[in-house]
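First the structure, in the form of structure tokens, and then the observations on it.
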Amino acid sequence: GTPGEIVVYPELDQPPRDYHNKRKVYITWTDAVDLSSGVKYYHISLNEPRATANWDDVITVEKGIYSRAIESIPEGNNKIYLWAEDAVGNHGPEVFATIRIDLTETYFDAFYPSSDVWITNLRPTCSILVNDTITGVDPLSIEYETSVSGEANLIGEWEQVQESYAPGNSLRVVVVGWFRNGKDNYIRFRAKDLAGNDYGVSDAFNIWIDAEAPRYRLKSPADEDDFQIN
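Residue numbers (the working numbering): 32 to 261.
Here it is, written out as structure tokens:
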């Protein structure tokens, strides 16, 4: 017989889901049916179906046990296979569940505008690409902070990004900063992924602002004796 559906839990006290930020999950399943000799064992294999599984790595539990912790799961997409064995050694069909393990924080690239380029607007549009390739970026966690008095004054006064984004592996985030004339303007971003890893924090990006037009002043000679017309 075939075991019932495998359900994956990140923690015993959490609802089921197919991703986690740790290398250990818990699975449960319902009983298989064998009308002859009866089910005796359940076998569990990580990322190897029954036909190619290495039996040194297969977990075996006796009938009557319908849950198990699965440990040392590698980062990325994984499959957990389960099948039953009856009392005379016949192995039934397998079922599987998928689990994505995400141990890596979000990361950032493709910031705009480029550094070392003068911007003629005190409120320039700034954008950056926020990435998480396994479970995706949590859009509600995206924040940024700015400083108009040097990088040292980026001290963790974060503001939430106001635009709405859907979860995704790469999100182009756009904010409008408020800066001052000069080279002391900085901005940086942070975000979490859907797996719940800690914040990934971007580099601090320097923004040069020159929003003042040139000013002119007529300068006359200081001493009339030095002024001569030929």
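Ideal placement from N, C-alpha and C gives every residue a C-beta, glycine not left out.
When the beta-carbon positions are compared, residue 143 and residue 113 stay at least 8 angstroms from each other. Three or more beta-carbon pairs separated by less than 8 angstroms are not found between the region 103–110 and the region 61–73, which leaves the two stretches without contact. Taken in chain order, the complete beta strand (DSSP E) segments of 3 or more residues contained in the region 135–223 are 138–143, 156–162, 174–178, 201–207, 213–222. Within the same chain, 109, 110 come within 7 angstroms of residue 78 by CB-CB distance, once the 5 residues on both sides are set aside. Under the three-state reduction of DSSP output, residue 129 falls in the strand class.
When rounded, the separation of the alpha-carbon atoms in residue 90 and residue 99 is 9 angstroms. Here residue 118 is not near residue 169, since their CB atoms are 8 angstroms or more apart.
Under the DSSP definition of a beta bridge, residue 50 partners with 131. With a 10 Å radius around the Cβ and a threshold of 16 neighbouring Cβ atoms, residue 187 comes out exposed. For residue 59, the enclosing beta strand (DSSP E) stretches over residues 56–59. Per DSSP, reduced to three states, the secondary structure at residue 90 is strand. If you compare the alpha carbons of 93, 95, 134 with that of residue 107, the shortest gap goes to 134.
Rounded to the nearest whole angstrom, the CA to CA distance from residue 180 to residue 208 is 14 angstroms. Burial check for residue 226: the Cβ neighbour count within 10 Å reaches 16 or more, so the residue is buried.
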